[in-house]
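Below is one structure, written out as structure tokens; the observations come after it.
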Amino acid sequence: AQSVTQLDSQVPVFEEAPVELRCNYSSSVSVYLFWYVQYPNQGLQLLLKYLSGSTLVKGINGFEAEFNKSQTSFHLRKPSVHISDTAEYFCAVSVPNTGNQFYFGTGTSLTVIP
Amino acid sequence: EAQVTQNPRYLITVTGKKLTVTCSQNMNHEYMSWYRQDPGLGLRQIYYSMNVEVTDKGDVPEGYKVSRKEKRNFPLILESPSPNQTSLYFCASGQAEDQPQHFGDGTRLSIL
Numbered sequence: 069a070q071s072v073t074q075l076d077s078q079v080p081v082f083e084e085a086p087v088e089l090r091c092n093y094s095s096s097v098s099v100y101l102f103w104y105v106q107y108p109n110q111g112l113q114l115l116l117k118y119l120s121g122s123t124l125v126k127g128i129n130g131f132e133a134e135f136n137k138s139q140t141s142f143h144l145r146k147p148s149v150h151i152s153d154t155a156e157y158f159c160a161v162s163v164p165n166t167g168n169q170f171y172f173g174t175g176t177s178l179t180v181i182p
Numbered sequence: 021e022a023q024v025t026q027n028p029r030y031l032i033t034v035t036g037k038k039l040t041v042t043c044s045q046n047m048n049h050e051y052m053s054w055y056r057q058d059p060g061l062g063l064r065q066i067y068y069s070m071n072v073e074v075t076d077k078g079d080v081p082e083g084y085k086v087s088r089k090e091k092r093n094f095p096l097i098l099e100s101p102s103p104n105q106t107s108l109y110f111c112a113s114g115q116a117e118d119q120p121q122h123f124g125d126g127t128r129l130s131i132l
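One line per chain: the protein sequences are W and S, in this order. When we follow the numbering used here, the leftmost residue of the first sequence carries the number 69, and every step to the right adds one. When we follow the numbering used here, the leftmost residue of the second sequence carries the number 21, and every step to the right adds one.
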């Protein structure tokens, strides 16, 4: 089975400051990588995904993530956060040819401080 | 509007009383999944389905059943609920393994 580790359970950051949310996964095979955001009392929404190709992927709301194969990491970044970015963020891995098995990290709660 | 619809959104019930949480998607997606979300544990996959009549166990299938008789519907059945199944449940659907999943708004179950 795969495992996905989100190293920080809570990240407080001041408004307009940069932020990085870390994600590492364990896999010896190629995987698909995703970041989702969950606002209070809502389901998850896709921020961005990495399938192949360029290791830097851009998503919605100014977020981007960099895939690093050697470190098996997929860290999420934003250069300047807003109050509205306060939410729970989940990293997820899908393994090809397993019929839609997904593995999620435990989540990082981002709190943007005015 | 493309959506995944779960019902009910909230349910409080008692141990041993069978319940079903329905899930329906209107995007003609092949893949559907059920997850439970617990504090500190993130989302864990309960069951997933690649197509009609094809289902597989995820990481935490014990105590749950599913069926996929139609492409759009994927109900989650708790035959004999227990308090450790108190959780927030999400249904999701997707077009393919390399495509993102679309999530419902969640069902909060409390088993007393």
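Virtual Cβ for every residue (Gly too), placed ideally from N, Cα, C. Remember, predicted model here, so these are calculated numbers, not experimental data.
Item to complete: For glycine 83 of chain S, decide whether its Cβ has a neighbour in chain W, counting only Cβ atoms nearer than 8 angstroms.
Response: As a first step, residue 83 of chain S must be located in the second sequence, where it is residue number 63. Not an interface residue.
Worksheet item: Quick one: is valine 141 of chain W near chain S, going by C-beta distance under 8 angstroms?
Response: Locating residue 141 of chain W in the first sequence gives position 73, counting from the first residue. Before going further, note that residue 141 of chain W is serine rather than valine in the sequence given. Output row for serine 141 of chain W: interface = no.
Practice prompt. Could you run through the stretch 29-50 of chain S and flag, in chain order, every residue whose CB is less than 9 angstroms away from some CB of chain W?
Written response: Glu50
Discussion item. The ligand GDP and leucine 61 of chain S: does any heavy atom of the ligand fall closer than 7 angstroms to the residue's C-beta?
Written reply: The ligand GDP is not part of the structure shown, which contains no ligands of any sort.
Worksheet entry | Contact list for the stretch 141-164 of chain W against chain S, Cβ threshold 7 angstroms | Phe158, Ser162, Pro164
Practice prompt. State yes or no: is the beta carbon of serine 53 of chain S nearer than 8 angstroms to at least one beta carbon in chain W?
Written response: Looking up residue 53 of chain S in the second sequence gives position 33. Answer yes: the Cβ-Cβ gap between serine 53 of chain S and chain W drops below 8 angstroms somewhere.
Fill in: Cα-Cα separation, serine 95 of chain W to histidine 143 of chain W
Position 27 of the first sequence holds residue 95 of chain W. Position 75 of the first sequence holds residue 143 of chain W. One C-alpha to the other measures close to 16 angstroms.
Fill in: Of the listed residues S:Ile32, S:Met52, S:Thr42, nearest to glutamine 26 of chain S (C-alpha basis)
Residue mapping note: residue 26 of chain S aligns to position 6 of the second sequence, counting from 1. Answer by Cα proximity: S:Thr42.
Item to complete: Give the residues from the stretch 92-103 of chain W that approach chain S closer than 7 angstroms (Cβ to any Cβ), ordered along the chain.
Response: Tyr100, Phe102
Discussion item. For threonine 166 of chain W and leucine 108 of chain S, I'd like the C-alpha separation in whole angstroms.
Written reply: Position 98 of the first sequence, counted from the first residue, corresponds to residue 166 of chain W. Position 88 of the second sequence, counted from the first residue, corresponds to residue 108 of chain S. If you take the alpha carbons of threonine 166 of chain W and leucine 108 of chain S, they lie about 25 angstroms apart.
Worksheet item: According to the neighbour-count rule (16 or more other Cβ atoms, all chains shown, within 10 Å of its Cβ), is proline 59 of chain S buried or exposed?
Response: Translated into the one-based positions of the second sequence, residue 59 of chain S becomes position 39. That one is exposed.
Worksheet item: Considering only the beta carbon of each residue, do serine 177 of chain W and serine 71 of chain W sit closer than 8 angstroms?
Response: The sequence position of residue 177 of chain W within the first sequence is 109, counting from 1. The sequence position of residue 71 of chain W within the first sequence is 3, counting from 1. Not a contact, by the Cβ cut-off of 8 angstroms.
Worksheet item: For the beta strand (DSSP E) that phenylalanine 170 of chain W lies in, which residues bound it at each end?
Response: Position 102 of the first sequence, counted from the first residue, corresponds to residue 170 of chain W. Start and end: 170-172.
Practice prompt. Would you mind sorting asparagine 136 of chain W into buried or exposed? The rule is 16 or more other CB atoms within 10 Å of its CB.
Written response: The residue you call residue 136 of chain W lines up with position 68 of the first sequence. Label assigned to asparagine 136 of chain W: exposed.
Fill in: valine 87 of chain W to serine 100 of chain S span [Cα, whole Å]
Position 19 of the first sequence, counted from the start, is the residue given in the question as residue 87 of chain W. Position 80 of the second sequence, counted from the start, is the residue given in the question as residue 100 of chain S. Distance between the alpha carbons of valine 87 of chain W and serine 100 of chain S is about 44 angstroms.
Discussion item. Does chain S have any CB closer than 8 angstroms to the CB of glutamine 169 of chain W?
Written reply: As a position in the first sequence, residue 169 of chain W is number 101, starting the count at 1. Yes, glutamine 169 of chain W counts as interfacial toward chain S.
Fill in: Which of helix, strand or coil DSSP assigns to asparagine 109 of chain W
Taking the first residue of the first sequence as position 1, residue 109 of chain W is located at position 41. In this structure, asparagine 109 of chain W counts as coil in the three-state DSSP scheme.
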